[in-house]
Amino acid sequence: MIVVPLGVASATPTAVRHLPSVALWREGSVFLFDCGENAQMRMLQAGIKRSKIECIFITHFDVDHYSGLMGLLSTLQLQRRDKSLTIVGPKGIKEYVEWNINFSGIDLVYDIEFVEIEEGFEHQRVVDGDDYYVEARPLKHSTFCVGYRYQEKDKPGKVDAEKAEKMGISKDEQYKALKAGEDVELEDGTIVKSHDIVGHPRPGDSFAYITDTVYSPNAVKLAMNTNILYHEATFSTDLEDKAHETGHSSTADAARVATEAQTKLLVIGHFSARYTNPYVLLKEAREGFYPTWLANELRPIFTDPTHERGIITPRVEIKDLSKGKSGGKGRGKKHSGKGGKKNYRKRKSKSSGSSKNYKKGNRSSSNNRYKSDSDSRRNKYRKKTYGSSTYSPNIKDKDDSGSSTSSRRKITPRSSYDDFDRF
Ligand SMILES: [Zn+2]
């Protein structure tokens, strides 16, 4: 099983984080949990084929969790998909999709099977495949919201081939029968018992997707003994009041669910836009539950790395939040190449006292080249300080003095966000 976060933002996307969506790959099929805006582009960039989607699970009707759905369905139409698609979500999902299809006058070439979940339910197996199932339970959010658990059914135990051969088993059908738990009668009448040859069944992989909820016992039930629990951690613990007021979890809540459910790995996501550096959230979550990872967009998480590595390879560079490097493409670099290093250095020595002059010169358009070089220097500086992945355009860009570096690195909730940041 491979889990690939496609969008780890919460309600408002940032320059480097997209709206919520997580893809789960298993045995060549893809299961999508939430479908925020850009989910289909992120799949493309992650190297996951959209045609392989079997089911889409929507948690609730806050727009950020389903705003990518119609675009994706339209792409599947243009790809001339021929197999049916299952969409699971709260009651109303069918009406929403069908209304949009009718509105656009699309004559859908593939079937959509809807599974709608009614408010007031306690527990529901929403999909039941040959070797997996998905169950849903209600969570606690400001609107009706559902959490999911994807569970692989137990795998048959391993066959002791050497022992089987010694006991006279030679045909494929005999092996198959033994694996399926049936005893086999040999030609001489000897009975070979399945449990003598086949080991104990191995528990299947499991994954829980819990987002947009305050702490909930149902989250613990869904996540019980999972291999991977993807849980929202929208806020840090110092904003716990805000988290609960808006129907969200803090890092401590996520860690609590993971601890109570005894999951193997907690992956936190759905970060508020105020956290330009989500490592502060990781640090907090690890205080409550150590095996915690940050959801990093496009970076796959494997349950069986020896067999799964290489199956999904991102087609774009993954931005590593821990490093201050960037792709190095863009305006700034181009200009600095033009300007030349010597000039660049010379001007830097002046810059501390000449920011006024620079602005003046710029306004009168008398020194455009200077402006370009200065821009390039700023871009370089940003890359050095934050890396493109953590740079936030909302941070005020004052000057290049050392003192501002520490203040920029400081992670503080900015009150301006509180006015419009809704969850
Ligand atoms: Zn959300």
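The numbering of the sequence shown is this note's numbering, which starts it at 103 and goes up by one.
By construction, the Cβ of each residue, glycine as well, lies at the ideal position given by its N, Cα and C atoms.
Because the structure is a prediction, the values reported are computed rather than measured.
For a quick check, are the C-beta atoms of residue i and residue j less than 8 Å apart?
i	j	result
S351	T405	no
F135	L146	no
S308	Y381	no
N329	L368	no
G138	D184	no
V359	V322	yes
T188	V217	yes
S169	K154	no
P541	A141	No information on residue 541 is available, as it lies outside the stretch 103 to 525 that the chain covers here.
D233	E254	yes
I214	S176	no
K193	S318	no
L178	R152	yes
G249	R239	yes
E334	T313	yes
F246	E221	yes
R394	S244	The question names Arg, but residue 394 is Thr in the sequence shown. Contact: no.
Kindly list the residues whose CB is nearer than 6 Å to the CB of residue i, restricted to its own chain and excluding five residues on each side of it in sequence; keep chain order.
i	result
L269	Looking at the sequence provided, one finds Met at residue 269 rather than Leu. Cβ within range, chain order: V294.
N470	Unreliable positioning characterises N470 in this predicted model, as indicated by a pLDDT of 43, which lies under 50. The coordinate reading is nonetheless provided below. Here the set comprises nothing.
K440	In this prediction, K440 has a pLDDT of 44, which is less than 50 and means its spatial position is unreliable; nothing more can be read from the coordinates.
R128	M103
T365	A325, T328 and L331
R227	Y235 and E237
Q363	First, the amino acid is wrong: residue 363 is Ala here, not Gln. Closer than 6 Å at the Cβ level, and outside the excluded window around A363, lie V322, A325 and M326.
K273	none
E48	Because residue 48 is not part of the residues shown, which for the chain are 103 to 525, the question remains open.
T116	A375
Any heavy atom of ligand 1 closer than 7 Å to the Cβ of residue i?
i	result
E115	It is worth fixing the name first, because residue 115 is Pro in this sequence and not Glu. No, Cβ of P115 sits at least 7 Å from all heavy atoms of ligand 1.
H346	no
S528	Because the chain spans 103 through 525 in this model, residue 528 falls outside it and cannot be assessed.
H167	yes
D164	yes
T315	no
H372	yes
P122	yes
Opposite residue i in the DSSP bridges: which residues?
i	result
K257	R304
Q226	A238
Y212	None; Y212 has no bridge partner.
S352	F337
R251	E237 and A310
I370	H333 and L396
A111	F373
E218	G191
I104	W127 and F404
Short of 8 Å in beta carbon distance, which residues of its chain neighbour residue i, apart from the five on each side in sequence? Order them along the chain.
i	result
R119	G109, V110, A111, F373, A375 and E399
R401	V106, P107, P416 and I420
Q181	R152 and S153
E224	R239 and P240
D298	K265 and M269
Tell me which same chain residues have a C-beta within less than 7 Å of the C-beta of residue i, skipping the five on either side of it?
i	result
K281	P258, V261 and V300
K53	Residue numbering for the chain in the displayed model covers 103 to 525; residue 53 lies beyond these limits and cannot be assessed.
T339	S352, T353, A354 and E386
D256	P303, R304, P305 and G306
I414	I104, V106, W127, A148, G149, I150 and P402
I513	Confidence at I513 is low in this model, with a pLDDT of 48, below 50, so the placement of that residue is unreliable and no value is reported for it.
E156	S131, V132, F133 and T188
Would you say residue i touches ligand 2, meaning its beta carbon is less than 7 Å from a heavy atom?
i	result
E267	Questions concerning ligand 2 fall outside what the structure shown contains, since the ligands it does hold are ligand 1.
Where in the segment 124-202 do unbroken runs of the alpha helix (DSSP H), each at least 4 residues long, occur, reported from the N-terminal end onward? 141-148 and 171-180, all fully within the segment 124-202.
Complete runs of the alpha helix (DSSP H) confined to the segment 276-340 [at least 4 residues]: Listed in chain order, they are 296-299 and 319-325.
Any beta strand (DSSP E) of 3 or more consecutive residues that is wholly inside the segment 378-427: 394-396, all fully within the segment 378-427.
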